[in-house]
Amino acid sequence: FLHEEPECLDYTIKKCKRLTTMLYQLKQLACNQQNKSLRKFSLNINEKLVDRKRLLEEIQSITLNSEGRIKAIEKAEKIRERRLHYEN
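Listed below in structure tokens is the structure:
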């Protein structure tokens, strides 16, 4: 019995240390999770609606200028072709 006791004690101490570390990590995770959920719920619903309305207004105010983009691309292609022609 006396020869086995130190080994059992060492094993038990290691197991306790592992459990303590695990409990500490779980506590940290729980605190972090609680803080995240509090931040999410702290936002006011009205603020979200105002932000959405602003975003939609900005999107609607943007007008696509596809003709201008096409002309700019064509111009850039012509310039590139000229450079290639003169370099060769």
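If you want our numbering, it's the 1-based position in the sequence shown plus 2.
We put the CB at the ideal spot given by N, CA and C, even for glycine.
Computed from a prediction, not measured in an experiment: that's the story for all the values here.
Please report the straight-line C-alpha distance between residue i and residue j, rounded to a whole angstrom.
{"i": "G70", "j": "S63", "result": "17 Å"}
{"i": "T23", "j": "K50", "result": "40 Å"}
{"i": "R84", "j": "A78", "result": "10 Å"}
{"i": "R82", "j": "A74", "result": "12 Å"}
{"i": "V52", "j": "Q35", "result": "27 Å"}
{"i": "E76", "j": "L86", "result": "15 Å"}
{"i": "E9", "j": "Q30", "result": "32 Å"}
{"i": "L28", "j": "Y13", "result": "23 Å"}
{"i": "L11", "j": "C33", "result": "33 Å"}
{"i": "L58", "j": "I72", "result": "26 Å"}
Any idea what DSSP makes of residue i, helix, strand or coil?
{"i": "E6", "result": "coil"}
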